[in-house]
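Take the sequence shown: its letters are residues -22 to -1, 1 to 433, numbered as in mature numbering (1 follows the signal peptide of the UniProt record, and there is no 0). Even glycine gets a Cβ: it sits at the ideal position worked out from N, Cα and C. Please read these numbers as outputs of a predicted model, since none were measured by experiment. Take a look at the structure below.
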Amino acid sequence: MQPISRRHVLSALALAPLAACTPDPTPPSTSPTPSATPTQWPERAGDKLSIDAAVFDGAFGTAYVQLAADLLTKAYPSVTTKVTALEKVNEELKARFADGATPPDLIDNSGADPLPVAEMLDQFLPLDDVIAATNSQGEVISETLHTGALNPGKVGDDLMAVNYAVSVYGLWYSAALFAAEGWAVPTTWDDLLELGDTARGLDKYLFVWGDDAATYYQELAVSSAIKEGGHDVRKALDNLDSGCWEHPAVMGVLEQLELCVKEGFFLHGGPYLDAQAEWSDRQLALLYPSGAWIAHEMIERTAENFEMTVAAAPTLTSSPTLPITAIHSASMEPFVVPAKASNPDGGKALLKTMLSPEVAQEFTRTNLMPTIVRNSIPTDLKSSALTSQTRLLADAGEDVFTWRFNDYYGLNLEQGELWARFLSNQLSAASLAEQLQEITDRVRNDPKVERYTVS
């Protein structure tokens, strides 16, 4: 998929080649010429030697950025890096983008409250010189990355963000429990409802949801609807089309979720980490929709011999438009460099170091999910979570899809409030769709918002 105009920012990403178990793509015949920046930093006269990095402290923590900082200091002993952990990126950093203020040199713009990049694109620098530089092995960085991994950050001819990690989304479950009970993994919503009845008979729940993570069920709903209705559903939602939330496939999935709510198949587990532990540790819920970060996020709160495994999202029927094996997968954790940073070259150098094999492999070893760097999975790493991700990617082949409307337009918090009410049986499927459409229409008609289109 080609990059699109600055007015229509960020296309959907086809990530099928990102599976670690698929063959590496052949590098392109032409490569970008390595840039003098940041490769000449910090040896030029007047170069600033301190770096300020602000990193979302979510499932991945900040250790991988600190490792890159340590490697950078090892190469250049005069360089120092401060890595600041953030819980709410926009709330904690917005004042540093005000007139006269200085933002960090590198920002991990992730989490439930990211900076609204759609409204502030001109405040960030292009990162093409980062991927045109060479890594610690002397390889041009762009030639070491998975095909398509940079597309989400491209605006016209410029690379404005680098998404670092690769996530597979789906329904996560205990393979050990399912094997012990003789349960098949549901592939349709009818299967899910049947499993919900089974769970109720065992004094368990089908699903659990937590505060600040209610939109995980929006991800499940959108994935399921796209598989059922095809790419027309994806394009309508991502393009903020009028009536996109009323598409029959979308409404069909929302109605199935509403039935699960009314049947009592949902457990509200309180704060989201506690809720996730009701699934992974106490095993009161059988399934949980999430991206691949869940494996590391719950590593200290997962029952012994749990065998955390991911399955593809279910469909409404047994003959959906996309194959049942189709999956939602995307590169995530977007890193950006502010134009008014005190040391943007230092921020770029830190990002370049993060794209080295050393840091990428350690990230995968720690977080049990791949990065955009090819061959970054340690050969000695054994993990049911990682194995199931690579299997799903291989099974999906070219049928991999994603979207960005909720993150790009900064809608997670507002949509999350609606989903929390829906999962609490305070909103019907029809009311949820109506109010999600109202949010969509408002953003679409806001002249201050720089929109993107997908095809």
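- With fewer than three CB-CB distances shorter than 8 Å, the segment 67 to 81 does not count as touching the segment 22 to 29.
- Proximity to Pro20 across Lys426, Ser362, Gly394, Lys326 peaks at Lys326, based on C-alpha coordinates.
- For the 8 Å CB-CB criterion, Met138 and Leu105 form a contact.
- Between Ser354 and Val118, the alpha-carbon positions lie close to 16 Å from each other.
- If the five residues before and after Trp257 are omitted, its C-beta is found closer than 7 Å to the C-beta atoms of Val186, Ala263, Tyr266, all from its own chain and listed in chain order.
- For Ile29, the three-state secondary structure derived from DSSP is strand.
- Distances from the CA of Gly160 to each of Asn68, Ala177, Trp167 were compared; the closest alpha carbon is that of Ala177.
- Gly160 carries a coil assignment under DSSP once its states are collapsed to helix, strand and coil.
- Secondary structure of His246 (DSSP, three-state): strand.
- Residues of the same chain with a CB within less than 7 Å of the CB of Gln44, apart from the 5 flanking positions on each side, are Val61 in chain order.
- Every beta strand (DSSP E) of 3 residues or more that sits fully in the segment 178 to 206 is shown, in chain order, as 183 to 189.
- Sixteen is the threshold: when 16 or more other Cβ atoms of the shown chains lie within 10 Å of the Cβ of Asn141, as they do, the residue is buried.
- DSSP places Pro81 outside both helix and strand once states are collapsed to three, so it counts as coil.
- Here Ala47 is buried: its Cβ has 16 or more other Cβ atoms, across all protein chains shown, within 10 Å.
- With 16 or more other CB atoms across the displayed protein chains lying within 10 angstroms of its CB, Gly188 is buried.
- Fewer than three Cβ pairs drawn from the segment 366 to 384 and the segment 162 to 174 lie within less than 8 Å of each other, which leaves the two stretches out of contact.
- Where Thr293 is concerned, there is no enclosing alpha helix (DSSP H), because DSSP gives it neither an H nor an E.
- Between Val163 and Leu371, the gap from beta carbon to beta carbon reaches 8 Å or more.
- Judged by DSSP in its simplified three-state form, Asp175 adopts helix.
- Rounded to whole angstroms, the Cβ separation of Ile109 and Leu128 is 7 Å, and the two are in contact under 8 Å.
- Annotated three-state conformation of Val133 is strand, per DSSP.
- Nearest Cα to Phe284 within the set Gly394, Ser114, Ala363, Ser120: Ala363.
- With respect to Val231, Ala203 sits close: the two C-beta atoms are nearer than 8 Å.
- The shortest C-alpha to C-alpha distance from Arg74 to any of Gln115, Ala90, Ala31 is the one to Ala31.
- Remark: C-beta atoms of Glu311 and Ala63 do not approach each other more closely than 8 Å.
- Rounded to the nearest whole angstrom, the C-alpha separation of Val427 and Met98 is 9 Å.
- In this chain, the beta strand (DSSP E) harbouring Lys60 covers 58 to 64.
- For Ser433, the closest alpha carbon among the candidates Lys72, Tyr250, Arg212 is that of Arg212.
- The segment 240 to 260 makes no contact with the segment 325 to 340, as fewer than three CB pairs between them are under 8 Å.
- Contact holds between the segment 228 to 243 and the segment 399 to 409, because three or more Cβ pairs, one in each stretch, are under 8 Å apart.
- The criterion of a C-beta distance shorter than 8 Å is not satisfied by Ala273 and Leu198.
- Of the other Cβ atoms in all chains shown, 16 or more fall within 10 Å of the Cβ of Arg352; this residue is therefore buried.
- Glu311 sits in a strand when the DSSP states are folded into three classes.
- Per the coordinates, the alpha-carbon of Asp86 lies some 20 Å from the alpha-carbon of His124.
- Looking at the backbone, the Cα of Gly89 and that of His225 are separated by about 28 Å.
- Look at Ala143 here: in three-state DSSP terms it is strand.
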